[in-house]
Ligand code: HMG
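So this is what it looks like as structure tokens:
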């Protein structure tokens, strides 16, 4: 069997953040609702010199550098986003230009709410599998800014960031056998953004129900593909990473999974199993959701990055169940087999370093920044170029002749 999967990953987090404690005070909400109820502590705020393009390019530039990959080696570039910057020109084209990726490369943008990145990864793995003799590599990037309206229920679940994944044969990070993937999709209105709307419309509680149904159905399909019975899934997985629109969604999802897997067992036993498996298998993946918030397409992959930097050598050679969910809705449950000797790959992620470099903004500054995002910015390279740092290598400098400009 040909080994195909993820050779390396990189994450990019913007330079600004807001404390949930401050947002709660400004909104007249008890801070525990955000800190304990949602499990979120901080959220990334996207400055006006950043967008889905810069975040994607900033993640991918790190990845190419750390894996020693030349842009010419990339033959498929897929960018998944629901924060697109143009109705026609894909984010992937902007990224191709910024990274200097050659022209013998298939590039496209995928949209399917938070699930799009997974569609790109699965299709790219299958494409590499079909073309394994030519050792092709694919770059898949999930990049988004999660925006809800000021003072809306979704406001404390905002965030921004990007995750880039390099896919190849003989991967150094993890392999995936896509034939095992459990799939579910259904036409629902749980979270949607009609054309022209800047922020989504959300049926919040219904979206959680849709998510849990999708989890149940995709896990059931995955179990059947793997040839295991209900009740033995947790024994077959060392870790679980769930799509995390807010940190405690992972807790809700895991409780639902344990209730299904342990159905018929006494309540105290189910509770014990839930607590123990939550601590051992789920909590190592929560760092990003707690510190950055929802990054839509990249959220579940930020969970994987969090697991790697938290567990380090403990996760080498282990099996990770990943649940990807996107509103609308589409979902997939798949298995990642982590490789051994991951120290160098994990060190290269530099996730904690990026979190530590951030600057805190006040609620007033956050409101000002997100109000300015609505206006078309003129061309001001000199004002924004000084914001570059070792992680922020590309910035958005505004419009010139109706064309987005980057430096
Ligand atoms: P809400 O109505 O403001 O909050 O909306 P709530 O009243 O449900 O409270 C939240 C939790 O805080 C509850 O815990 C409360 O009990 C608790 P739970 O009962 O759920 O376990 N709480 C407190 N805890 C401690 N101390 C207190 C306190 N007060 C309350 N004082 C909601 C919450 C998530 C609905 C809202 O934020 C929202 O609409 N978010 C956006 C939609 C969303 O995230 N949906 C999740 C599934 S859909 C999805 O994941 C797809 C998505 O990523 C988009 C995509 O695919 O592109 C969103």
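In the working numbering, the protein residues as written are 5 to 411.
Beta carbons: idealized from backbone N, C-alpha and C, even for Gly.
All figures in this text were calculated on a predicted structure; none of them were measured in a lab.
Distance, residue j Cα to residue i Cα
i: residue 352; j: residue 70; result: 7 angstroms
i: residue 377; j: residue 280; result: 43 angstroms
i: residue 295; j: residue 171; result: 27 angstroms
i: residue 361; j: residue 403; result: 28 angstroms
i: residue 15; j: residue 406; result: 30 angstroms
i: residue 157; j: residue 395; result: 31 angstroms
i: residue 246; j: residue 214; result: 14 angstroms
i: residue 94; j: residue 230; result: 36 angstroms
i: residue 198; j: residue 398; result: 30 angstroms
i: residue 393; j: residue 208; result: 37 angstroms
i: residue 381; j: residue 150; result: 20 angstroms
i: residue 89; j: residue 83; result: 12 angstroms
i: residue 311; j: residue 290; result: 7 angstroms
i: residue 366; j: residue 154; result: 14 angstroms
i: residue 161; j: residue 322; result: 30 angstroms
Whole-Å CB distance - residue i paired with residue j, under 8 angstroms assumed
i: residue 244; j: residue 302; result: No, residue 244 and residue 302 are not in contact; Cβ-Cβ is about 18 angstroms, not under 8 angstroms.
i: residue 370; j: residue 22; result: 5 angstroms
i: residue 262; j: residue 241; result: The pair is not a contact, with the Cβ atoms about 12 angstroms apart (cut-off 8 angstroms).
i: residue 255; j: residue 282; result: 7 angstroms
i: residue 194; j: residue 333; result: 6 angstroms
i: residue 203; j: residue 152; result: 6 angstroms
i: residue 185; j: residue 338; result: 4 angstroms
DSSP state of residue i mapped onto helix, strand, coil
i: residue 165; result: strand
i: residue 409; result: strand
i: residue 121; result: helix
i: residue 333; result: coil
i: residue 404; result: strand
i: residue 217; result: helix
i: residue 207; result: coil
i: residue 114; result: strand
i: residue 154; result: coil
i: residue 53; result: coil
Contact set for residue i: own chain, Cβ-Cβ below 7 angstroms, skip 5 residues either direction
i: residue 45; result: 24, 39, 294 and 295
i: residue 105; result: 75, 78 and 81
i: residue 173; result: 6, 7, 8, 132, 136 and 139
Same chain only: Cβ atoms within 8 angstroms of residue i, ignoring 5 sequence neighbours per side
i: residue 309; result: 13, 15, 167, 292, 353 and 355
i: residue 409; result: 383, 385, 400, 401, 402 and 403
i: residue 264; result: 220, 223 and 234
Contacts around residue i, its chain only, beta-carbon distance under 6 angstroms, and the 5 residues preceding and following it disregarded
i: residue 109; result: 78, 79 and 81
i: residue 315; result: 288
i: residue 87; result: 56, 148 and 149
Those residues which DSSP pairs with residue i across a bridge
i: residue 78; result: 141
i: residue 325; result: 244 and 339
i: residue 47; result: 22
i: residue 171; result: 10 and 142
i: residue 186; result: 337
CB contact below 7 angstroms: residue i versus chain B
i: residue 228; result: Of the protein chains in the structure, only one exists, and it is not chain B.
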